[in-house]
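Trainee:
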């Protein structure tokens, strides 16, 4: 993911997650939903936001890559 200097709030991340809900595997969505309900570091919030950003427009290969990165981030 490209480096971004904008700090995304927990609410920003939750809204982004909801906007991509129908495109994410349901188990990954549920895991991410639980993950975002707990306090996270700013770095983690930013990374999570960027993995979710334009997820729906990504190729299947890119989505698989992001899925793995999301799992690792939340692991």
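In full-length UniProt numbering, the protein residues as written are 1 to 75.
We put the CB at the ideal spot given by N, CA and C, even for glycine.
Can you give me the Cβ contacts of residue 49 inside the same chain, cut-off strictly under 7 Å, excluding the 5 residues immediately before and after it?
Mentor: What you label residue 49 is simply residue 49 of the chain shown in a count that begins at 1. In its chain, beyond the 5 residues on either side, 8, 12, 13 and 16 have a beta carbon closer than 7 Å to the beta carbon of residue 49.
Trainee: Where does residue 41 sit, in a helix, a strand or coil, going by DSSP?
Mentor: What you label residue 41 is simply residue 41 of the chain shown in a count that begins at 1. Residue state, collapsed to three classes: coil.
Trainee: Exposed or buried, what is residue 60 when buried is set at 16 or more other beta-carbons lying within 10 Å of its beta-carbon?
Mentor: Reading the chain shown from its first residue, position 60 is the one you call residue 60. Per the 10 Å Cβ criterion, exposed.
Trainee: How would you label residue 34, buried or exposed, when you count the other beta carbons within 10 angstroms and need 16 or more for buried?
Mentor: Position 34 of the chain shown, counted from the first residue, corresponds to residue 34. It is exposed - the Cβ of residue 34 has fewer than 16 other Cβ atoms within 10 Å.
Trainee: Select from 41, 75 and 22 the residue whose C-alpha is nearest the C-alpha of residue 57.
Mentor: Counting from 1 along the chain shown, the entry for residue 57 is found at position 57. The residue with the shortest Cα to Cα distance from residue 57 is 22.
Trainee: Do residue 71 and residue 28 have their CB atoms nearer than 9 Å?
Mentor: Counted from its first residue, the chain shown places residue 71 at position 71. Counted from its first residue, the chain shown places residue 28 at position 28. Closer than 9 Å, so yes.
Trainee: So which of 46, 37, 66 and 41 has the shortest CA-CA distance to residue 6?
Mentor: Position 6 of the chain shown, counting from 1, holds the residue named residue 6. Here the closest residue by C-alpha is 46.
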